[in-house]
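Novice: Dumping the structure here so I can ask a few things about it.
Residue numbers (full-length UniProt numbering): 1 to 142.
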């Protein structure tokens, strides 16, 4: 089952607590999943598909050694994707940190801060052929 989005823009959650794109903070003992997602996607726009990003975040978060990855990459990847998983609509980047996520026609993604003109253009439907999806809410509607 493919998890990638194509020609899609994920807007920030309606209950996102920030008003500008914010860089996720690291923990004392290392990077958080949102921090790793941000680092990879912000540093390399349109390099990763959703599947590639999710797997790379998993590898870095679990600190899988390069030697093990070189020897067992496909096995580790199959094991990772054998379990149900949330898509990037459930990521903390659009839910909590104010980042929209655009997927191009190849399924590659880039981040856009919610205060940017590019974000506005996507969110207002200014890009023809781009489907809009909202990120998951942080909590239940009150």
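Even glycine gets a Cβ: it sits at the ideal position worked out from N, Cα and C.
Is residue 3 helix, strand or coil when you go by DSSP?
Specialist: coil
Novice: Going straight from the alpha carbon of residue 130 to that of residue 103, what length do you get?
Specialist: 9 Å
Novice: Does the stretch 14-25 come within contact of the stretch 108-122, defined as at least 3 CB pairs closer than 8 Å?
Specialist: Yes: at least three Cβ pairs fall under 8 Å.
Novice: Could you spell out where the beta strand (DSSP E) holding residue 30 opens and where it closes?
Specialist: Per DSSP, residue 30 belongs to no beta strand (DSSP E) and is neither H nor E.
Novice: Do the CB positions of residue 58 and residue 80 come within less than 7 Å of each other?
Specialist: Taking 7 Å as the Cβ cut-off, residue 58 and residue 80 qualify as a contacting pair.
Novice: Just reading off the alpha helix (DSSP H) that residue 119 is part of, what are its end residues?
Specialist: 117-123
Novice: Among 43, 28, 137, 121, which one has its Cα closest to the Cα of residue 9?
Specialist: 121
Novice: Counting Cβ pairs, one atom from each stretch, are 3 or more of them under 8 Å apart for the stretch 32-40 and the stretch 91-110?
Specialist: yes
Novice: Straight-line CA distance for residue 55 to residue 77?
Specialist: 7 Å
Novice: On the criterion of 16 or more Cβ atoms from any shown chain inside 10 Å, does residue 71 qualify as buried, or is it exposed?
Specialist: Exposed, because fewer than 16 other Cβ atoms sit within 10 Å of the Cβ of residue 71.
Novice: Under a three-way DSSP split, which group does residue 129 fall into?
Specialist: coil
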